[in-house]
Amino acid sequence: MRMHNDDEVYAVDDVFLGPTKRTFPFRVRYRAYGIGSLLYVLALSIEVKVHVIGFWAALYALLAVIYTTMKIMDHVDHENTARAVVIAFWHEVKAPRDRRSGATTARLSLRAVRRRTR
Numbered sequence: 001m002r003m004h005n006d007d008e009v010y011a012v013d014d015v016f017l018g019p020t021k022r023t024f025p026f027r028v029r030y031r032a033y034g035i036g037s038l039l040y041v042l043a044l045s046i047e048v049k050v051h052v053i054g055f056w057a058a059l060y061a062l063l064a065v066i067y068t069t070m071k072i073m074d075h076v077d078h079e080n081t082a083r084a085v086v087i088a089f090w091h092e093v094k095a096p097r098d099r100r101s102g103a104t105t106a107r108l109s110l111r112a113v114r115r116r117t118r
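Its first residue numbered 1, the sequence shown is counted upward by one per residue in the UniProt record's numbering.
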């Protein structure tokens, strides 16, 4: 259970609004710029490795990075740092899982599809 306090320490907002008298129409935290920059460099390096280089690939990578950064920043605040979120994600990925021996997979077959004729 979280209790709300009246401490003014966390009332400070670490948001870059833009240059003086020309503010951005959106609010972005400083951490989001850093995380987004790292993700974009990672996305561009993957594009170079896969040999998919071009304007549209870079644009789609930018859109994917913006979406991913937004989802990451939903979990980052003054209590949960970006490093703690990444470490928690890594522990979730590497956690041991139960091996179910009776697990089945779905199989699709076109022979089972009936075709109507008019």
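For glycine and all other residues, C-beta sits at the position ideal for the given N, C-alpha and C.
Among all the DSSP beta bridges, which residues are the ones paired with residue i?
| i | result |
| --- | --- |
| Phe16 | Val28 |
Report the option in the options whose CA atom is closest to the CA atom of residue i.
| i | options | result |
| --- | --- | --- |
| Pro25 | Arg31, Val65, Phe16 and Arg118 | Phe16 |
| Arg29 | Arg22, Lys49, Ile53 and Ile66 | Ile66 |
| Met73 | Val41, Tyr33 and Ala43 | Tyr33 |
| Ser45 | Ala61, Ile35 and Arg31 | Ala61 |
Under 8 Å by Cβ, that's how I've got residue i and residue j pegged, so tell me the actual separation to the nearest angstrom.
| i | j | result |
| --- | --- | --- |
| Leu38 | Thr68 | Wrong, their Cβ atoms sit about 11 Å apart, outside the cutoff. |
| Val76 | Arg115 | Val76 to Arg115, Cβ: 52 Å. No contact. |
| Ala84 | Ile35 | Between Ile35 and Ala84 the Cβ distance is about 13 Å, and since that is not below 8 Å, they are no contact. |
| Ala43 | Ala64 | 7 Å |
Those runs of the alpha helix (DSSP H) which lie wholly inside the region 52 to 116 and span at least 4 residues: 55 to 73 and 82 to 94
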